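Quick note: the sequence shown uses the numbering used here, first residue 119, plus one each step.
This report concerns only the one structure given below.
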Amino acid sequence: MSLTRRIAVLPGDGIGPEVTREAIRVLEAVAAARGLHFELQWRNVGGAAVAESGEPLPKATLDLCLASDAVFMGAVGLSATDRVKPEQRPERALLILRRELQTYANLRPVRHTPALDDATPLRPEIAAGTDFMIVRELAGGLYYGQPRGISGDPGSRRAVDTLEYGEAEIERVVRFAFEIAKTRRGHLTSVDKANVLQTSVLWREVVDRLAPEYPDVRVEHLYVDNCAMRLVTRPSSFDVIVTENTFGDILSDEGSVLTGSLGMLPSASIGKGVALYEPVHGSAPDIAGRGIANPIASVLTVGMMLRYSFGLHEEADAIDQAVERVLARGLRTADLARRGTASVSTVAMGDAILAELELVLAGTATTAGERVAR
Ligand code: IPM
Ligand code: MG
Numbered sequence: 119m120s121l122t123r124r125i126a127v128l129p130g131d132g133i134g135p136e137v138t139r140e141a142i143r144v145l146e147a148v149a150a151a152r153g154l155h156f157e158l159q160w161r162n163v164g165g166a167a168v169a170e171s172g173e174p175l176p177k178a179t180l181d182l183c184l185a186s187d188a189v190f191m192g193a194v195g196l197s198a199t200d201r202v203k204p205e206q207r208p209e210r211a212l213l214i215l216r217r218e219l220q221t222y223a224n225l226r227p228v229r230h231t232p233a234l235d236d237a238t239p240l241r242p243e244i245a246a247g248t249d250f251m252i253v254r255e256l257a258g259g260l261y262y263g264q265p266r267g268i269s270g271d272p273g274s275r276r277a278v279d280t281l282e283y284g285e286a287e288i289e290r291v292v293r294f295a296f297e298i299a300k301t302r303r304g305h306l307t308s309v310d311k312a313n314v315l316q317t318s319v320l321w322r323e324v325v326d327r328l329a330p331e332y333p334d335v336r337v338e339h340l341y342v343d344n345c346a347m348r349l350v351t352r353p354s355s356f357d358v359i360v361t362e363n364t365f366g367d368i369l370s371d372e373g374s375v376l377t378g379s380l381g382m383l384p385s386a387s388i389g390k391g392v393a394l395y396e397p398v399h400g401s402a403p404d405i406a407g408r409g410i411a412n413p414i415a416s417v418l419t420v421g422m423m424l425r426y427s428f429g430l431h432e433e434a435d436a437i438d439q440a441v442e443r444v445l446a447r448g449l450r451t452a453d454l455a456r457r458g459t460a461s462v463s464t465v466a467m468g469d470a471i472l473a474e475l476e477l478v479l480a481g482t483a484t485t486a487g488e489r490v491a492r
């Protein structure tokens, strides 16, 4: 296949550029081994773009993204001590991109691997068998609701955010989750706060209305507080979780550490237009530039891009396997290493993944198509 796929690469801030570099090496290795052609356009976003042009997402960059086949992002965000105007916050770049690309389903797969038993904060017998997909609504809720803002005089100011969902908005993401559940173990957990919030009452009604259309999927409703608890007491009881934007943001950080570290979790944001790919972790300014960040989330995010935007399941499986093998060999970046044990640099982890990937790609075709929606 000599089809050219155009990818906008947005490394962003903090550790974003370091991990993105390793991820793109992996993408290029896949391209070389399989005779694929990816045309990469690198642009600054977030704080890096503000420094360059005064805006977190310049219009030309947004236009480039809209005209690409996929957008691959590193991370955006400044350190807690940096003060900027709201319209110059690096996170704006991400929120505008999600909105403009019309992504509404954010997929965050959480899988525990026995190789990382020593890294997860849970006892191994509790973490064992953890393998679920969070489907987070990404285009609505508190993140975008109007009105929002702070008004009044100092001392008596008031702030408002709006949590609003339309039925159609709920339906499209819930359908997406049902479809994924069909390709997995057929169990959908819808997470809400229907004992308190009206948006959740409507959410639950939509899930129940759609359920009969998916007879192979077992539906369960769970309050978000209960879900937060069950994630650490019985994580293996989940298959697919679907939930609104803010709940999904919080639960996915919690879910990520079940794998051993936030540095392990990839994500794909899918919707009506171009899909956006980014690791779940942020820019981690405290460790930026030291060459110690874990590139695995970003590398696995390349796998998700190959799988969901380009239908390259075999190549995506190969990346997952290469990462698994490296972990099984005991290689650890600092976030995964037990205190007092050795850890490797970002680049060394990238090198090791590349070496394994070459072996897997040379010997594969074996696992193709086995696991489609992870
Ligand atoms: C995430 C992040 C973002 C979010 C931030 C950086 C705006 O936490 O992708 O989970 O809240 O969605
Ligand atoms: Mg988050």
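Beta carbons: idealized from backbone N, C-alpha and C, even for Gly.
From a predicted model like this one, the values you see are computed outputs, not experimental measurements.
* Asked: By DSSP, does Gly448 sit in helix, in strand, or in coil?
  -> Gly448: coil per DSSP, three-state reduction.
*asked:* Whole angstroms are fine: how far does the CA of Gly458 sit from the CA of Tyr123?
replied: Per the sequence shown, residue 123 should be read as Arg rather than Tyr. So the two alpha carbons sit approximately 44 Å from each other.
DSSP-derived helix/strand/coil call for Glu362: Of the three classes helix, strand and coil, the one that applies to Glu362 here is coil, per DSSP.
_Best match in Leu180, Val253, Pro204 for proximity to Ile125 [C-alpha to C-alpha]_ = When only C-alpha atoms are compared, the closest one is Leu180.
Problem set entry | For the ligand IPM, residues whose Cβ lies under 5 Å from any non-hydrogen atom | Look at which beta carbons fall closer than 5 Å to any heavy atom of the ligand IPM; those residues are Glu209, Asp367.
- Message: Taking 7 Å as the cut-off, is the C-beta of Asp371 nearer than that to any heavy atom in the ligand MG?
- Response: Yes, since a heavy atom of the ligand MG falls inside the 7 Å radius drawn around the Cβ of Asp371.
Applying the criterion that 16 or more other CB atoms from any shown protein chain within 10 Å of the CB defines a buried residue, is Ala480 buried or exposed?
Under this definition Ala480 is an exposed residue.
**OP:** Just confirm the distance between the C-beta atoms of Arg275 and Thr248, as a whole number of angstroms; I'd bet it's less than 8 Å.
**Re:** Thr248 and Arg275 do not touch by the CB rule: their CB atoms are close to 43 Å apart, not below 8 Å.
Notebook entry, point to check: How about the stretch 306-314 and the stretch 272-289: do they share at least three Cβ pairs that are nearer than 8 Å?
Noted result: With a cut-off of 8 Å on Cβ pairs, the stretch 306-314 is not in contact with the stretch 272-289, counting fewer than three such pairs.
Next item on the list: Please name the residue or residues paired with Arg443 in a DSSP beta bridge.
Entry: Paired residue(s): none; Arg443 is not in a bridge.
Requested in this report: Let me know the secondary structure DSSP gives Arg226 once reduced to three states.
Outcome: Reduced to three states, the DSSP call for Arg226 is strand.
### Message
Any contact between the stretch 393-405 and the stretch 186-195? By contact I mean 3 or more CB pairs, one from each, below 8 Å.
### Response
The stretch 393-405 vs the stretch 186-195: in contact.
- CB-CB length for Thr419 against Ser385, believed under 8 Å: Beta-carbon to beta-carbon, Thr419 and Ser385 are separated by about 7 Å, close enough to satisfy the 8 Å threshold.
- Task: Pull up the distance between the alpha-carbon of Ala193 and that of Thr238, whole angstroms please.
- Result: Taking the straight line joining both Cα atoms gives about 23 Å.
- Message: Taking 6 Å as the limit between beta carbons, can you name the residues of its chain near His399, skipping five residues before and five after?
- Response: The beta carbon of His399 sits closer than 6 Å to the beta carbons of Leu380, Gly381, Ala415 from its chain, once the five residues preceding and following it are set aside; these are given in chain order.
Within 10 Å of its beta-carbon, does Ala178 have 16 or more other beta-carbons around it, so buried, or fewer, so exposed? With fewer than 16 other CB atoms across the displayed protein chains lying within 10 angstroms of its CB, Ala178 is exposed.
- Near Gly164, what residues of its chain come up, given a Cβ to Cβ distance below 6 Å and the 5 sequence neighbours on each side ignored? Its chain contains Gly130, Asp131, Pro174, Val194, Pro208, Ala211 as the residues whose beta carbon lies nearer than 6 Å to that of Gly164, once the 5 sequence neighbours on both sides are disregarded; these appear in chain order.
* Note down, in chain order, each residue of its chain lying with its Cβ closer than 8 Å to the Cβ of Gly409, except the 5 sequence neighbours on either side. => Non-local beta-carbon contacts of Gly409 in its own chain, meaning distances under 8 Å to residues more than five positions away in sequence, involve Glu136, Ser463, Thr464, Val465 in chain order.
Q) With Val335 and Gly378 assumed to form a contact (beta carbons below 8 Å), what rounded beta-carbon distance in angstroms separates them? A) The beta carbons of Val335 and Gly378 sit about 29 Å from each other, so the pair does not count as a contact at 8 Å.
- Message: What does the Cβ neighbour count give for Thr351, buried or exposed, with the cut at 16 atoms within 10 Å?
- Response: By the neighbour-count definition (other C-beta atoms within 10 Å, threshold 16), Thr351 is an exposed residue.
**Item:** beta strand (DSSP E) segment containing Phe250, residue limits
**Value:** Where Phe250 is concerned, the enclosing beta strand (DSSP E) stretches over 249-255.
Considering only the alpha carbon of each residue, which of Ser269, Thr301, Ile388, Cys345 lies closest to Ser427?
Closest option to Ser427, judged by alpha-carbon separation, among Ser269, Thr301, Ile388, Cys345: Ile388.
On the DSSP bridge list, what partners appear for Met191? Residue pairing by DSSP places Met191 opposite Leu128 in a beta bridge.
Exercise. Tell me whether Val462 sits in a helix, a strand or coil according to DSSP, three-state version.
Key: In this structure, Val462 counts as coil in the three-state DSSP scheme.
**Cβ-based burial, Pro353 [other Cβ within 10 Å; buried from 16]** = Buried, since its Cβ has 16 or more Cβ neighbours within 10 Å.
Fill in: Opposing strand residues paired with Thr122 [DSSP bridges]
In DSSP, Thr122 forms a bridge with His155.
(request) Go ahead and label Pro333 buried or exposed: buried means 16 or more other beta carbons lie within 10 angstroms of its beta carbon, across all protein chains shown. (result) With fewer than 16 Cβ atoms within 10 Å of its Cβ, Pro333 is classed as exposed.
Query raised in the report: Hey, how far is the Cα of Val375 from the Cα of Pro403?
Result: Whole-angstrom Cα-Cα distance: 19 Å.
Leu383 to Asn224 span [Cα, whole Å]: The alpha-carbon atoms of Leu383 and Asn224 are separated by roughly 12 Å.
With DSSP collapsed to three states, give me the class of Val335.
In the three-state reduction of the DSSP assignment, Val335 falls in the coil class.
request  = Decide if Val325 is buried, meaning its Cβ has at least 16 other Cβ atoms within 10 Å, or exposed.
outcome  = Taking all protein chains in view, the Cβ of Val325 is crowded by 16 or more other Cβ atoms within 10 Å, so the residue is classified as buried.
Can you tell me which of the three DSSP states Ile388 falls into?
Ile388 falls in the strand class under three-state DSSP.
### Query
What are the start and end residues of each continuous alpha helix (DSSP H) run of 4 or more residues lying completely inside the stretch 169-223, in chain order?
Counting whole runs of 4 or more residues, the stretch 169-223 contains the alpha helix (DSSP H) stretches 177-184, 209-218.
field: Spatial neighbours of Leu445 in its chain, beta-carbon cut-off 7 Å, leaving aside the 5 residues before and after
entry: By the criterion of a C-beta distance shorter than 7 Å, Leu445 is surrounded in its chain by Thr231, Ala233, Leu234, once the five residues flanking it on both sides are discounted.
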